[in-house]
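S.K.: For the sequence shown, the residue numbers in numbering that gives the first Met the number 0 are 0 to 599. All C-beta atoms in this analysis are idealised placements derived from N, C-alpha and C, irrespective of residue type, glycine included. Below is a structure I'd like to ask you about.
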Amino acid sequence: MTDTSHIRNFAIIAHIDHGKSTLADRLIQECGNVDSRELREQMLDSMDLERERGITIKAQTVRLTHAAADGRTYQLNLMDTPGHVDFTYEVSRSLAACEGSVLIVDASQGVEAQTLANAYLALDAEHEIIPVLNKIDLPSAEPDRICRQIEDVVGLDRADVLAVSAKTGDGIAELLDALVERLPPPAGAADGPLKAYLVDSWYDAYLGVIVLVRMRDGVIRKGMRIRMMGTGAAHQVDMVGVFTPKREPVEALGPGEVGFITASIKTVADARVGDTITDDRVPAAEPLPGFRPSVPVVFCGLFPLDAADYEDLREGLAKLRLNDASFHFEPEGSAALGQGFRCGFLGLLHLEIVQERLTREFAIDLVTTAPSVIYRVHLTDGTFEELHNPADMPDPVRIAGVEEPWLRATIIAPDEHLGAILKLCEERRGVQQELTYVGGRAMVVYKLPLNEVVFDFYDRLKSVSRGYASFDYQVTGYEKGDLVKLSILVNGEPVDALSMIVHRSQAEHRGRAVCVRLKELIPRQLFRIPLQAAIGGKVVARETISAMRKDVTSKCYGGDVTRKRKLLERQKEGKKRMRQFGTVEIPQSAFIQALRISDQ
């Protein structure tokens, strides 16, 4: 155990791609934690998916040992956090476990939307912030201009900014000394009752659940019996250790330290993120405040392509839920797709990552329904209900009004792309609230409906701004809107998996797009198939798949024309009867393609 005055806990926060993981690599290298032959890029990005995409998905921790200029040795607990807006929950959890933050700003790109958002998160957590200017080795770096920007936009003194290059290692030694000098040591008493934050947890096939803990008071040792205060579950500690970044067992963890424990925890529900761990024999009087619970904003259905994979999908979701506290799921059934799960996510990238992990780690082929947000449906009897699935929309006669979630979006971009960005926001029913210029760039604040953002807004924004715009949002609340349920009917039968809730002004456009796509995807039958998009009983768009025809008159060589007419009339009668009793099987591949209509 280390004296708390020799401990510093800090998180690295920044916008996407400003060099968080590379800076973590240099700090690990400078402190000599890893042998030079074991060193690789993005040491803390352990998932294949993270390494392939070049993004951090899970916050990771590592213990560093630094011999400071004053001759004392310090223990530095570093947390590398994700930068994408969908993983803000991971960032807020990591900040709750630290006393200080290193805020990285790219020396050529400057302050971006997520830089600002993460700085506010750190200030909310009452952190001491060390601003760091990264990538000073680039030819396009403008240190003076960006330092002014940090002072003007973020409000941090430019004299406190440290200039480093995570790539070459310049300025890393000075940063380590600044961590020791500027950041406060953690508070806590070793002789008090055990109190530890459950910061994160993930599943290991051999050890069961591995729990990442941040110690507040007391000491945790191997063989101790601990209790989770939230769930009441008690376990005996099998192993206590730290990440260096490899797993290393230690004797004990004391106040202020960050490490992991294993206790043969088998059930997912027993290791809830944000819970307080205490001694089972001498428990703490009350738990720590915990973390603000995450609220999913995007919902969609996940169904196995093969119905036999249903149990594997349930098990996979349960294991991912353990590792990702911001992900929610519950069972649901669909007439078209069979049994599956309704899942809640923090955004579309989060959805994509979970889908990819299920496919890779558990080898399950999935069908994903169209993403939807939570609507509040006010009924005529004065009550209201939350609607996660458009297929569950009550009868329109019972509906008094529908509310949808709105958000405050902050977009920072160069001036020349402003016109295209404003046009995109107006198309998405946005209401402009602010337009200012900060550090030579335009910052526009818009009020936007969430269901217009969750589909492809981020991709379109990057496209119209040639990749220069940065985007951050916070959900602000619910407002009434002219929203309707758009049903898709195939041969007169509604297909629940394709129904969606849209604004009335866009119902016809969206409905026609789905019908046109389905016309290409559904194979032709021996009878005509009408494809319709309807609001209640009113059809707003229609396409028809023409029938395959057999040439019944091919055997008639000349003779009276009535012979041919009789055969054609008989064929027409047969097709009419066939359409009345025939069912249209929509292939799974057509579902997958049709549900991607929002990508267009």
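Identify the continuous alpha helix (DSSP H) that holds residue 600 and give its terminal residues.
M.R.: The structure shown has nothing for residue 600, since the chain only spans 0 to 599.
S.K.: On a Cα-Cα basis, can you pick out the residue from 211, 195, 194 and 196 that is closest to residue 202?
M.R.: That would be 211, whose Cα lies nearest to the Cα of residue 202.
S.K.: Considering residue 172, what are the terminal residues of the alpha helix (DSSP H) in which it resides?
M.R.: Here the alpha helix (DSSP H) through residue 172 covers 171–181.
S.K.: What does the Cβ neighbour count give for residue 223, buried or exposed, with the cut at 16 atoms within 10 Å?
M.R.: With 16 or more Cβ atoms within 10 Å of its Cβ, residue 223 is classed as buried.
S.K.: If you run the structure through DSSP and keep just helix, strand and coil, what is residue 545?
M.R.: In the structure shown, residue 545 sits in coil (DSSP, three-state: anything other than H, G, I, E or B).
S.K.: Using the Cβ count rule (16 or more neighbours within 10 Å means buried), how would you classify residue 547?
M.R.: So residue 547 counts as exposed.
S.K.: Going by CA-CA distance only, name the one from 383, 243 and 484 that's closest to residue 28.
M.R.: Cα-wise, what sits closest to residue 28 is 243.
S.K.: To the nearest angstrom, report how far apart residue 521 and residue 354 are at their CA atoms.
M.R.: So the alpha carbons of these two residues sit roughly 25 Å apart.
S.K.: Across the segment 375–394 and the segment 485–504, are there enough close Cβ pairs to call them in contact, namely three or more that are closer than 8 Å?
M.R.: Taking 8 Å as the limit for Cβ pairs, the verdict is that the segment 485–504 does touch the segment 375–394.
S.K.: DSSP three-state label for residue 422, please.
M.R.: Residue 422: helix per DSSP, three-state reduction.
S.K.: In this structure, what does DSSP give as the bridge partners for residue 199?
M.R.: Paired residues: 211.
S.K.: Tell me which residue opens and which closes the alpha helix (DSSP H) that residue 21 is part of.
M.R.: That run of the alpha helix (DSSP H) goes 19–29.
S.K.: Below 8 Å on the Cβ atoms is my contact criterion, and I expect residue 544 with residue 513 to pass it. Report the Cβ-Cβ distance as a whole number of Å.
M.R.: With a Cβ gap of about 14 Å, residue 544 and residue 513 do not count as contacting.
S.K.: Using a Cβ-Cβ cutoff of less than 6 Å, which residues in the same chain neighbour residue 501 once the five nearest sequence positions on both sides are dropped?
M.R.: Around residue 501: 485 and 509.
S.K.: Note the first and the last residue of the continuous beta strand (DSSP E) segment covering residue 485.
M.R.: Element bounds for residue 485: 482–489.
S.K.: Pull the bridge partners of residue 234 from the DSSP assignment, please.
M.R.: 225, per the DSSP bridge assignment.
S.K.: According to the neighbour-count rule (16 or more other Cβ atoms, all chains shown, within 10 Å of its Cβ), is residue 409 buried or exposed?
M.R.: When all chains shown are included, residue 409 counts as buried.
S.K.: With DSSP collapsed to three states, give me the class of residue 388.
M.R.: Reduced to three states, the DSSP call for residue 388 is coil.
S.K.: Quick one: grab the DSSP three-state call for residue 368.
M.R.: It is coil, neither helix nor strand.
S.K.: Measuring alpha carbon to alpha carbon, tell me which of 382, 468, 170 and 417 ends up nearest residue 15.
M.R.: If we check each option's Cα against that of residue 15, 468 comes out closest.
S.K.: Could you check whether residue 403 and residue 443 sit closer than 8 Å to each other, using their CB atoms as the reference points?
M.R.: Not in contact: residue 443 and residue 403 (Cβ atoms no closer than 8 Å).
S.K.: Helix, strand or coil for residue 471? Go by DSSP, reduced to three states.
M.R.: In the structure shown, residue 471 sits in a strand (DSSP, three-state: E or B).
S.K.: Using DSSP with H/G/I as helix, E/B as strand and the rest coil, what is residue 407?
M.R.: In this structure, residue 407 counts as strand in the three-state DSSP scheme.
S.K.: Thinking C-beta only, is residue 471 closer than 8 Å to residue 112?
M.R.: Result yes, Cβ atoms of residue 112 and residue 471 sit closer than 8 Å.
S.K.: Apply the 10 Å Cβ neighbour rule to residue 45 and answer buried if 16 or more other Cβ atoms are within range, or exposed otherwise.
M.R.: Confidence is the limiting factor: at residue 45 the pLDDT is only 49, short of 50, which leaves the residue's position unreliable, though a coordinate-based value still follows. Answer is exposed; the Cβ neighbour count stays below 16.
S.K.: Is residue 306 helix, strand or coil when you go by DSSP?
M.R.: Three-state result, residue 306: helix.
S.K.: How many angstroms separate the CA atom of residue 135 from the CA atom of residue 206?
M.R.: When rounded, the distance between both Cα atoms is 43 Å.
S.K.: Have a look at residue 152 and residue 170 and give me their C-alpha separation to the nearest angstrom.
M.R.: So the alpha carbons of these two residues sit roughly 24 Å apart.
S.K.: Between the Cα of residue 425 and those of 190, 398, 460 and 104, spot the shortest distance and give me the residue it belongs to.
M.R.: Per the Cα distances, 460.
S.K.: If we ignore side chains and look at the alpha-carbon of each, how far apart do residue 465 and residue 359 end up?
M.R.: One C-alpha to the other measures close to 32 Å.
S.K.: Hey, out of 248, 250, 234 and 446, whose CA is closest to residue 264's CA?
M.R.: Ranking 248, 250, 234 and 446 by Cα distance to residue 264 puts 234 first.
S.K.: Between residue 93 and residue 80, how many whole angstroms is the CB-CB distance? I'm expecting something under 8 Å.
M.R.: Right, the Cβ-Cβ distance comes to about 5 Å (below 8 Å), so this counts as a contact.
S.K.: So residue 272 and residue 164 are supposed to be a Cβ contact under 8 Å. How far apart are they, rounded?
M.R.: Contact flag wrong, Cβ pair sits at about 35 Å.
S.K.: DSSP three-state call for residue 60: helix, strand or coil?
M.R.: Correct three-state label for residue 60: strand.
S.K.: Just list the residues that DSSP pairs residue 13 with in beta bridges.
M.R.: Partner(s): 103.
S.K.: Looking only at its chain, what residues have a beta carbon closer than 8 Å to the beta carbon of residue 270, apart from the 5 residues adjacent to it on each side?
M.R.: Excluding sequence neighbours, residue 270 sits near 197, 200, 208, 210, 227, 264 and 321.
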